[in-house]
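Asker: So that we are looking at the same thing, I have put the structure below in structure tokens.
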Amino acid sequence: MTLQQGAAAEIIRLTAVDLATKIKSRELSAVEATRTHLDRIADVDGEIHAFLYVDGERALASAGRVDAKIAAGEMVGPLAGVPLALKDILTYTGAPTTCGSKILEGWLPPYDATVTRRLLDHDIVILGKTNLDEFAMGSSTENSAFGPTRNPWDSDRIPGGSGGGSAAAVAAFEAPLAIGTDTGGSIRQPAAVTGTVGVKPTYGGSSRYGLVALASSLDQPGPCARTVLDAALLHQVIAGHDPCDSTSIDQPVPDVVGAARSADVAGMKVGVVSELGGEGYAPGVEQRFNEAVELLASLGAEIIEVSCPHFVYALPAYYLILPAECSSNLAKFDGMRFGLRVGDDGVASAEQVMAATREAGFGAEVKRRIIIGTYALSSGYYDAYYGQAQKVRTLISRDFDKAFADVDVLVSPSTPITAFKIGEKVDDPLAMYMNDLCTIPSNLAGNASASFPVGLAPEDGLPVGLQVMAPPLADDRLYRVGAALEAALESAWGGSLLDRLPDLGAVR
Amino acid sequence: MTVLPYEEALAVYDPVLGLEVHVELNTTSKMFCGCSTAFGAEPNTQVCAVCLGLPGSLPVVNAKAVESAIRIGLALNCTIAEWCRFSRKNYFYPDMPKNYQISQYDEPIAYDGWTDVVLDGESYRIGIERAHMEEDTGKSLHVGGATGRIHGADYSLLDYNRSGVPLIEIVTKPIEGTGAKAPEVARAYVAMLRDLLRALGVSDVRMEQGSLRCDANVSLRPIGTSTLGTRTETKNVNSLRSVERALRYEITRQAAVLAGGGRVIQETRHWHEDSGITTAGRSKETAEDYRYFPEPDLVPIAPSREWVEQLRATLPEPPAAKLQRVSAEWGFSELEMRDVVSAGAVNAIEATVAAGASPQSARKWWLTEVARRANEAGVDLEDVGISPQQVAEVQALVENRTINDKLARQVFEGVIAGEGSPAEVVAARRLAIVSDEGALAAAVNEAINANPDIVDKIKSGKVQAAGALIGSVMKQMRGQADAARVRELILEKIG
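Residue numbers (the numbering used here), protein chains in the order written: chain A, 1 to 508; chain B, 509 to 1003.
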């Protein structure tokens, strides 16, 4: 390894906080940081396939502007010059937004998502757009029209989904930060299976404007990172009220950065959800989860067993509400105004062109959910399906309310199992849906939730995540728990979990 | 198409009406985004990510539109919901960018109201089922093909300028017991609504521009029965006259179907202004399922009672009460008042009277000179191009004898042609009556000398023959003389 290669290997392993500090002190230029990450992408993304679009030139240009600002002594954001990977479901003017679907072929959004705008306004450098399951429907990225992303821990395995690209990019040191979106676990489940940190803010905590909607009442953008503090800093940048999103909360952002720095769980009441464990959970997942809970107890947290009896109905309710909203949200993809158009031979009617375009442009999982949702909303079935699911949703919220009356946070494994093999579950949608068993309740209730790495399962050596759930607008509690665990675990391990990531080919 | 003569139809059947009126609000920006709502701009110039339904865009409710909706609801004596939501109405159509329309479904902002409509001195109470908010669609222009509809067209052009313009849909309860007057009651209701909305200042209410659109539902049942018959919904009814004509036609058509032992099909029908008939459109028996569900991109609307009461205080006088008041103030006969109402001239006359004209003179000008031009141009009285203040000014010029009634018509013509104020038109066109007694006397002398036979008739006592001499003098003076003064001079000379 040459000196230069050694420097590059060091740069890509830096946390976002350390990168920002070096860039601000001009020890390292933003351009150099960006170029090093672009090189890393060039080296490993052929194997990982985290990115659908690498925006190298623009990334270097914006890094150059950050360096100029710093040189001129101008005020810059706390993550100025830090490279980031953006999930390809948020618009970024000038870069294609595909949502992992053929149906958006050729569409260049003419506007920036609010999240994108905030990243740019805070001098963060956007490297490109990351892979995902088509329109965020999936738990493995295998539903991407552009091929799956591979898990950096084992390239035969899935990186989770839908935000597998964002999580894999962070785990594979292609970017220190990424943005994900979480509808039923799409930030947390990939974080769990890649050994990274992923946070779903309180619903309404970060803006959905420019996030191509899957299920409007569930979708929420959030941070992906390798450390809890990095995630908190990114959370701070993207969160906050947006007048362009009516469901965005007009309240101050909880002090997530302060919470991540405090890392103090002494006296905190931590509820273990009894329904999220047992049958169907891998022994290694349960073992690492239980050890982490014990660790929290040793750090002064009070552990309480909590029952949330309606959580068992969360998955079926979710798979009615999500398809219902998605069937309507995805109606606009009809070939009339943007993206793919099929069958326009001058003879076919508009209706026929719409049908042919949707037939050709959507993948099987998207069609499956559109059909389910259309059915669930049909007159005569509405009350039995959509209406009933909304009632379950209310009951789940009440379970949370009751639990949070007694405890500060709830914890569970983030996923029942570790990363499975690519292709293993593609023919079994129900088995695929089970991956989101633990994460879905927080989406239905709209509260804050996160996944933190707690080790590798002994049986397969793959990462395990612990989920923390906090009441709405108490996102800071997630970070207190996450940072406490991180500090204790890293001191026990003598480094971070990702230090144990297998080598992904030679680093330049 | 067979129809039964109207009187025969009404001898057997009792019509029940239902009217759905769509009102485009005159807010400066659209229902869910900041784009302009101005009418008539170049296609697709008043659009953004939101009203084009681009991926990722989200709606934000226009507070002014909610305010207008509440004021309309209050003016129609509705209950204003303490809490209501928007819903999505899902169906695929190219002029609807999201392929769903944001509307209100089972939670309208205003519901359960009423309003009174006066027709021929009789008052009819119309129940209001609901008034709800929704967004307008874009406009399709189907090119080629015979019908101008999407079916059979060569291609279609889409203009999304109208997409997202705020609409209020006002739906009546079934209107029963109007008998043979049903079509006229319907027309009077829409006219009343138009006046009310204009008085509220919430809409341009221009039927010809589509800012007030009416769908007319009607069903028939045998007289003396109470079960509602099968209804049809007639669309494309774009003027007050069409409301009346379309319903009258539809009643005679349905009566013929029923009288022939047939069954009325529940369907949408299209009104054809030129041929005066309706034709079948989409059958509602195989109606689309709109899969309504609460719009998850918007939060519920919960207007505070304080706000509602503040808005109630801004309401104008109810139209029926206003008619009663002005009719008494102006001293018009029932017949005169009926003409004024059916011409839609109440507000114009009120403003003209306020500007100083007598009620009778105001009525005369609006119902003759202005109404004639409005009919010719196919526009409302307000849109002819002369203001109530200008009409009052013309009348003042007549009263101070600057011009006469005949010259006044030229003044109307000039003002409407944009030549300036009435006084400016009089000056520019040199219309003022000649008050030069010398010139007048000379013209009178000439007329007397040229018509000795008429002079003889007058001398023999046939004073009415003076009219011919007056005409001759007026002709010489190019109309610019005071006819009364001419008459005086003639009689003086001969007398």
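All C-beta atoms in this analysis are idealised placements derived from N, C-alpha and C, irrespective of residue type, glycine included. Please read these numbers as outputs of a predicted model, since none were measured by experiment.
Strictly below 9 Å CB to CB, what residues from chain A border LYS606/B?
Answerer: SER328, ASN329, ALA331, LYS332
Asker: How about ASP797/B: is its C-beta nearer than 8 Å to some C-beta of chain A?
Answerer: yes
Asker: Counting only Cβ pairs nearer than 8 Å, list the residues of chain B close to GLY210/A.
Answerer: Ordered by position in chain B, the residues that pass the 8 Å Cβ test against GLY210/A are GLY564, SER565.
Asker: Among ASP891/B, MET641/B, GLY660/B, VAL745/B, which has the Cα closest to the Cα of PRO616/B?
Answerer: MET641/B
Asker: Kindly indicate which residue of ASP428/A, LYS425/A, PRO453/A, MET469/A has the alpha-carbon position closest to the one of LYS269/A.
Answerer: MET469/A
Asker: Helix, strand or coil for LEU525/B per DSSP?
Answerer: strand
Asker: GLY184/A: which of LEU489/A, PRO458/A, SER442/A, ALA42/A sits nearest, CA to CA?
Answerer: SER442/A
Asker: Anyone know if the C-beta pair for GLY222/A and LYS200/A falls short of 8 Å?
Answerer: In this structure, LYS200/A lies closer than 8 Å to GLY222/A by Cβ.
Asker: Does chain A have any CB closer than 8 Å to the CB of ALA694/B?
Answerer: No, its Cβ sits nowhere closer than 8 Å to a Cβ of chain A.
Asker: How far does the alpha helix (DSSP H) with GLN467/A in it extend, from its first residue to its last?
Answerer: It is not in any alpha helix (DSSP H) - GLN467/A instead sits in the beta strand (DSSP E) that spans 463 to 470.
Asker: Strictly below 9 Å CB to CB, what residues from chain B border ASP121/A?
Answerer: Residues of chain B passing the Cβ test: none, with the nearest at roughly 18 Å.
Asker: Quick one: measure Cβ to Cβ for THR114/A and ASP245/A, integer angstroms, because I've assumed they're closer than 8 Å.
Answerer: 7 Å
Asker: Examine chain A for any beta-carbon lying closer than 8 Å to the beta-carbon of ARG596/B, and answer yes or no.
Answerer: yes
Asker: Measuring alpha carbon to alpha carbon, tell me which of TRP779/B, ASP847/B, VAL854/B, SER850/B ends up nearest GLU837/B.
Answerer: When TRP779/B, ASP847/B, VAL854/B, SER850/B are compared, the shortest CA-CA separation from GLU837/B is found for VAL854/B.
Asker: Return the Cβ separation of GLY561/B and LYS87/A in integer angstroms, given the expectation that the two are a contact with Cβ distance under 8 Å.
Answerer: Between LYS87/A and GLY561/B the Cβ distance is about 21 Å, and since that is not below 8 Å, they are no contact.
Asker: Measuring only the C-alpha atoms, how far is ALA376/A from VAL834/B?
Answerer: 56 Å
Asker: For the region 351 to 383 of chain A, which residues have a beta carbon sitting closer than 8 Å to at least one beta carbon of chain B?
Answerer: GLU351, MET354, THR374, LEU377, SER378, SER379, TYR382
Asker: Is the region 591 to 609 of chain B close to the region 799 to 813 of chain B, with three or more CB pairs under 8 Å?
Answerer: yes
Asker: Answer yes if the region 150 to 159 of chain A comes into contact with the region 90 to 97 of chain A, meaning at least three C-beta pairs across the two stretches below 8 Å, and no otherwise.
Answerer: no
Asker: Closer than 7 Å by C-beta to ALA506/A: which residues in its own chain qualify, once you throw out the five before and the five after it? Chain order, please.
Answerer: At ALA506/A the pLDDT is 46, less than 50, meaning the model places this residue with poor confidence; the figure from the coordinates comes in the next sentence. Excluding residues within five positions, none has a Cβ falling inside 7 Å.
Asker: Pull out every residue of the region 77 to 110 of chain A whose Cβ sits closer than 9 Å to any Cβ of chain B, in chain order.
Answerer: Within the region 77 to 110 of chain A, the qualifying residues are ILE89, LEU90, THR91, THR97, CYS99, LEU104, TRP107, PRO109, PRO110.
Asker: Determine the extent of the beta strand (DSSP E) in which ALA213/A is found, giving its start and end residues.
Answerer: Note, ALA213/A: premise wrong, no beta strand (DSSP E); not H, not E.
Asker: So, under 8 Å CB-CB, ALA239/A and VAL253/A are touching, yes? Tell me the CB distance rounded to an integer number of Å.
Answerer: ALA239/A to VAL253/A, Cβ: 4 Å. Contact.
Asker: Consult DSSP for LEU627/B and reduce its assignment to one of helix, strand or coil.
Answerer: LEU627/B falls in the strand class under three-state DSSP.
Asker: Should the region 692 to 704 of chain B be regarded as contacting the region 543 to 555 of chain B, the criterion being three or more beta carbon pairs within less than 8 Å?
Answerer: no
Asker: Would the beta-carbon of GLY271/A fall within 8 Å of that of VAL306/A?
Answerer: yes
Asker: Anyone know if the C-beta pair for VAL899/B and ALA940/B falls short of 8 Å?
Answerer: no
Asker: Going along the chain, which residues of its own chain have a beta-carbon closer than 7 Å to the beta-carbon of LYS502/B, five neighbours each way excluded?
Answerer: Since the displayed chain B opens at 509 and closes at 1003, residue 502/B lies outside it and no answer follows.
Asker: Look up THR130/A in the DSSP assignment and give the residues it is bridged to.
Answerer: PHE51/A, LYS87/A
Asker: Express the C-alpha separation of ALA213/A and ARG508/A in angstroms, rounding to a whole number.
Answerer: Confidence at ARG508/A is low in this model, with a pLDDT of 38, below 50, so its placement is unreliable and the value that follows should be read with caution. Straight-line Cα distance between these residues: approximately 39 Å.
Asker: Using the rule of at least 16 other Cβ atoms within 10 Å of the residue's Cβ for burial, across every protein chain shown, is VAL293/A buried or exposed?
Answerer: buried
Asker: Note down, in chain order, each residue of its chain lying with its Cβ closer than 8 Å to the Cβ of ALA947/B, except the 5 sequence neighbours on either side.
Answerer: MET985
Asker: Is it buried or exposed for ARG739/B, if we count other Cβ within 10 angstroms and need 16 for buried?
Answerer: buried
Asker: Given that GLY672/B touches chain A, what residues does it touch there, using C-beta distances under 8 Å?
Answerer: From the beta-carbon of GLY672/B, no residue of chain A is found nearer than 8 Å; the closest lies around 14 Å away.
Asker: How many whole angstroms separate the CB atoms of VAL481/A and ARG288/A, which I take to be in contact at a CB cut-off of 8 Å?
Answerer: VAL481/A to ARG288/A, Cβ: 15 Å. No contact.
Asker: I need the straight-line Cα distance from ILE956/B to GLY969/B, nearest angstrom please.
Answerer: 16 Å
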